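Reading through the structure tokens given below for one structure.
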Amino acid sequence: MSKQTELVGLARTTKLDEVNDAYDAGALSNRNMVINGAMNVAQRSASVAAVATDGYYTLDRWHINMGTTSAGRLTMSQTADGPNNISANCLKLDCTTADTSIAAGEFILLSQKFEGQNLQRIGKGVVGAKQVTVSFYVKASASFTFGLELYDNDNSRQITKLFDTTTDWVRHEITFPADVDDGSSPLDDDNANSLQLQFWLNGGATYTGGTLNTASWANDTSANRAAGIDSFFSNTANNFFITGVQMEVGPVATEFEQEEISVTENKCFRYFQKFDSVGANYQRYGVGFNYSTTGHSNPIKLLTPMRAVPAVGTTGTAANYAINHNADAVTACNGVPTLAGAADNPKHSIGITCTVSSGLDAGDVGLLISNNNVSSFLSFDAEL
Amino acid sequence: MINNMTITNAKYNKDNLTDANCSISCIANGEHVSVPLDEANRHYAEILKQVAAGTLTIQEAV
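Shown next as structure tokens:
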């Protein structure tokens, strides 16, 4: 054996040992299936008040579902109050209107939804299925018992574990058993919603009236999904803070996986992108051409390919948008930008159509810009 | 699980090249969106659900 070979062999042995240590210390990447678990990316808004309906409001990928209309209201925000060495940020829910008369169909779910093609490593619903461990840092304004559920959206199966809050940050590590089921209910290997990781923060009798299904996966029985939880809407003094959310394969919670902001942002861009005016007038969205004296077509290049063809969001005010054309003329739109093309829009570029009342030169190039307005934006939503 | 997305003012848009319906403009939970005719899009899936339930009508493009 040559000296060089011996050195290579020694290096290999040393590296394997280091890998084990590194894994224990959380240095290896891509363990965490949760996106934006550190609550660092909030493209839509940093804070939204009076949340009362289903939707994505602030932090990317984190969805609020509130079921039957409740009198309760909350503010959802990205807050700079994370636990030291984990994240500077957390997701905060603040109860602003209490509801002490919970209707049967009411609930509050804070969820993240996963594409089935990103979860095949779990092997859920087939022979050889693996355990999953979820860890997270949580605190609240008082002691509460809430639920953490994994919900298989492809096969309508679920399991819920309870956890308690205190007024200090506490890390919970919760391992869910493997779900072999009958070996024939895998998660779909596609871009649709296969699994939901969701925190139950309120639930009416429809979801709390039975016995909590906590020991093993079972077919969905609504009454067994959240039995034993408290209500976040019980008092306007209630606050809930969470960050450092991680879901990984196996029975062990490793240290929260840190990642650079650019990595998290790019993961989020698959589901939502927002081009805003960054507080300035006449920001340029993209270059297109005028197909008539009143029509402008603009293929907007997306930051990354998206999960599906996105819905295009606007301010709803036509005059917030304009076409910059013909020796720097600026002509305000008379309709908000709309999505052009059919459902076969490519996932990396989206066609936008804008109209003005008159004045474009057909065949000329033009820019779609924010008009004399600092709050104009275009958003692209392909969330689950 | 119930989702309660409120959708109003739904109206088809036509593509300038093909003159075929290509998207639906609407207000979804207060947000103004232009929705692709693609069932993988959650807004369109919800529109289809509400149309099937008879609670939403989509106006034709003008």
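Residue numbers (the working numbering), protein chains in the order written: chain G, 2 to 385; chain H, -19 to 42.
We put the beta carbon where it would ideally sit given N, CA and C, even for glycine.
Owing to the predicted nature of the structure, the values given are computational and were not obtained by experimental measurement.
Legend entry - Closest Cα partner of residue 238 of chain G within the set G/292, G/97, G/271: In the first sequence, the residue the question calls residue 238 of chain G occupies position 237. Nearest of G/292, G/97, G/271 to residue 238 of chain G, Cα basis: G/97.
message: Check whether chain H comes within 7 Å of residue 342 of chain G, counting only Cβ atoms and requiring the distance to be less than that.
response: In the first sequence, counting from the first residue as 1, residue 342 of chain G sits at position 341. Chain H contact via Cβ: present.
Pull out every residue of the region 62 to 74 of chain G whose Cβ sits closer than 8 Å to any Cβ of chain H, in chain order. Residues 66, 67, 68, 69, 70.
Exercise. Which bits of chain H does residue 192 of chain G rub up against, with CB to CB less than 8 Å?
Worked result: Against the first sequence, residue 192 of chain G aligns to sequence position 191. Residues of chain H passing the Cβ test: 20.
message = Contact criterion: CB-CB distance below 7 Å. Does residue 11 of chain H meet it with respect to chain G?
response = One-based indexing of the second sequence puts residue 11 of chain H at position 31. Chain G contact via Cβ: present.
**Asked** Can the beta-carbon of residue 169 of chain G be found closer than 7 Å to that of residue 140 of chain G?
**Response** Residue numbering aside, residue 169 of chain G sits at position 168 when the first sequence is read from its first letter. Residue numbering aside, residue 140 of chain G sits at position 139 when the first sequence is read from its first letter. In contact: residue 169 of chain G and residue 140 of chain G (Cβ atoms closer than 7 Å).
- Listed from N- to C-terminal order along the chain, which residues in the region 289 to 306 of chain G have their beta-carbon within a distance smaller than 9 Å of any beta-carbon of chain H? Contacts with chain H (Cβ-Cβ distance below 9 Å) from the region 289 to 306 of chain G involve 292, 293, 296, 298, listed in chain order.
Please report how far the alpha carbon of residue 145 of chain G lies from the alpha carbon of residue 241 of chain G, in whole angstroms. Locating residue 145 of chain G in the first sequence gives position 144, counting from the first residue. Locating residue 241 of chain G in the first sequence gives position 240, counting from the first residue. Near 10 Å, if we compare the C-alpha coordinates of residue 241 of chain G and residue 145 of chain G.
Q. What is the rounded straight-line gap between the Cα of residue 284 of chain G and the Cα of residue 40 of chain G?
A. Along the first sequence, read from residue 1 onward, the residue named residue 284 of chain G stands at position 283. Along the first sequence, read from residue 1 onward, the residue named residue 40 of chain G stands at position 39. Looking at the two C-alpha atoms, the distance is approximately 28 Å.
Practice task
Name the residue from G/59, G/77, G/106, G/60 whose alpha carbon lies nearest to the alpha carbon of residue 69 of chain G.
Solution key: On the first sequence, residue 69 of chain G is found 68 positions in, with the first residue counted as 1. The shortest C-alpha separation from residue 69 of chain G is found at G/106.
(message) With a threshold of 7 Å between beta-carbons, can residue 55 of chain G be considered close to chain H, or not?
(response) Position 54 of the first sequence, counted from the first residue, corresponds to residue 55 of chain G. At least one chain H Cβ lies under 7 Å of residue 55 of chain G.
**Study point:** residue 46 of chain G (DSSP reduced to helix, strand or coil)
**Key:** Here the question's residue 46 of chain G lines up with position 45 in the first sequence. Note: residue 46 of chain G maps to coil in three-state DSSP.
If we cut at 7 Å on Cβ distances, does residue -7 of chain H have a partner in chain G? As a working mapping, residue -7 of chain H is identified with position 13 in the second sequence. Yes, residue -7 of chain H counts as interfacial toward chain G.
Under 7 Å between the Cβ atoms of residue 4 of chain H and residue -8 of chain H?
Taking the first residue of the second sequence as position 1, residue 4 of chain H is located at position 24. Taking the first residue of the second sequence as position 1, residue -8 of chain H is located at position 12. Yes.
Problem - Test item: CB-CB of residue 207 of chain G and residue 223 of chain G under 7 Å - result: By 1-based counting over the first sequence, the position of residue 207 of chain G is 206. By 1-based counting over the first sequence, the position of residue 223 of chain G is 222. Yes, the pair counts as a contact, with Cβ atoms nearer than the cut-off.
Query raised in the report: Are any of the Cβ atoms in chain G nearer than 7 Å to that of residue 2 of chain H?
Result: Working through the second sequence from its first residue, we reach residue 2 of chain H at position 22. So, interface residue.
Check your understanding: Does residue 33 of chain H come within less than 7 Å of chain G when only Cβ atoms are used?
Key -> On the second sequence, position 53 is the one that residue 33 of chain H refers to. Output row for residue 33 of chain H: interface = no.
*Can you tell me which of the three DSSP states residue 208 of chain G falls into?*
Walking along the first sequence from the start, residue 208 of chain G turns up at place 207. Three-state DSSP puts residue 208 of chain G in a helix.
Item to check | Neighbour flag for residue -11 of chain H against chain G, beta carbons, 7 Å | outcome: Residue mapping note: residue -11 of chain H aligns to position 9 of the second sequence, counting from 1. Not one chain G Cβ lies under 7 Å of residue -11 of chain H.
Q: If I'm right that residue 15 of chain H touches residue 23 of chain H with Cβ under 8 Å, what's the distance once you round it to whole angstroms?
A: As a position in the second sequence, residue 15 of chain H is number 35, starting the count at 1. As a position in the second sequence, residue 23 of chain H is number 43, starting the count at 1. Residue 15 of chain H to residue 23 of chain H, Cβ: 4 Å. Contact.
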